[in-house]
Amino acid sequence: MAFRRLTSKLTDATRKLKKPLPHDGRPAGELVVITGMSGSGKASVLKAFEDLGYYCVDNLPVGLIPRFAELAGQSAEIERTALVVDVREGRQLEELPAIVKSVRRMIATKVIFLEASDSVLLRRYSETRRPHPLGTHSPVKASLAAERRHLRHIRAMADLVIDTSKFNVHELRSHIIELFQKKEKGRNILVSFVSFGFKHGVPDDADLMFDVRFLPNPHFVPEFRPLTGRHPKVAKYIRSFPQTTEFIQRISDLLIYLLPHYIHEGKSYLTIAFGCTGGQHRSVMIAEDVAKHLKKAGYRVKVAHRDSPK
């Protein structure tokens, strides 16, 4: 019944006025497909899209996505849509990559995959006391492992992978709104800079990654050891080496060259990661300085230090 009402509304809107193709010939409208691990925050993300003015549908059957996309792409009243599909679809979910590929010919489509660490997901399930959708007879940890295996091909084709382990509900909403809110035409891209330590693992969501372990390590200066790369003394020490200023300038110039091309291809967010050994000194300072260069050039920037002490 819900889908009948949805298709009725979309069909009525389509009859009134069909949406023209943009001048560049790309499909009109926008469709965001939200999927990922159970307990990773899909409902919260869908609510954020609703707050942004998207027409939202929860748990739409995978087989109905092409019809939904066709109607949404032709509707002049409904410009942006978002929907959730998840593991409750069972084997039909395996058809999602092929369906998305075909749908992209009708409407501009992005796939967001949400995930979180097992420890965080287990805690969330413990707090809500809800069973995992793959079954009530297996331990939640085993169900999560099975779900990860089942979704790995979906994750591989996603346009954006978001690890929600580090977010509470309000922070996740803010992150989505920051990524997808409409901006003025021009430099409409959010550039996120992330510092990290290689000994803690590399970030999964980085588009570009740079290793800054070639710079002298402040860790071996006793007075700097408890500080971070944001401390003025540590930053001054790292900047004192000519290779530091040369690297910052060259990377900034490279990004300023690349970003217009990413924008031209329709990219609205780019994550750039800088890694050092522990993620406390060099990567932090470099991320901060390169972000300042990009901000000065007129881009929206966001900086996060994954492994640096607060």
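Count along the sequence shown from 1, add 1458, and you get the number used in my numbering. No residue lacks a Cβ here, since even glycine has one placed at the ideal position from N, Cα and C.
Taking every protein chain shown into account, the CB of R1549 has fewer than 16 other CB atoms within 10 angstroms, so this residue is exposed.
For S1766, the closest C-alpha among the options E1746, R1708 and V1578 is that of E1746. With a cut-off of 8 Å on Cβ pairs, the stretch 1657 to 1665 is in contact with the stretch 1616 to 1629, counting three or more such pairs. In the displayed model, V1627 falls within a helix according to three-state DSSP. M1743 sits in a helix when the DSSP states are folded into three classes.
For the 8 Å CB-CB criterion, I1744 and F1732 form a contact. Rounded to whole angstroms, the gap between the alpha carbons of S1710 and A1506 is 32 Å.
Taking S1726 as reference, the option from F1699, I1635 and K1657 with the minimal CA-CA separation is I1635. When secondary structure is reduced to three states using DSSP, E1488 falls in the strand class. Here E1573 carries a strand assignment [DSSP, helix/strand/coil].
Between the beta-carbon of V1543 and that of L1580 there is about 23 Å, and that puts the pair past the 8 Å contact cut. About 5 Å separates the beta carbons of T1622 and S1498, which is inside the 8 Å limit, making them a contact pair. V1761 sits close to F1651, with the two beta carbons spaced by under 8 Å.
Around the beta carbon of T1703, fewer than 16 other beta carbons sit within 10 angstroms, so the residue counts as exposed. Taking the CA atoms as reference points, S1584 sits about 45 Å from L1716.
Between V1692 and E1605, the CB-CB gap reaches or exceeds 8 Å. The alpha-carbon of V1490 is positioned some 34 Å away from that of K1657.
Where G1531 is concerned, the enclosing alpha helix (DSSP H) starts and stops at I1523 to Q1532. H1751 has its alpha-carbon roughly 23 Å from the corresponding atom of P1676. Look at D1663 here: in three-state DSSP terms it is coil, with no helix or strand label. In the displayed model, Y1513 falls within a strand according to three-state DSSP. In this structure I1612 touches P1555 by the C-beta definition: roughly 7 Å separates them, less than 8 Å. In the DSSP assignment, D1711 falls within the alpha helix (DSSP H) that extends over P1700 to H1722. In the displayed model, A1540 falls within a strand according to three-state DSSP.
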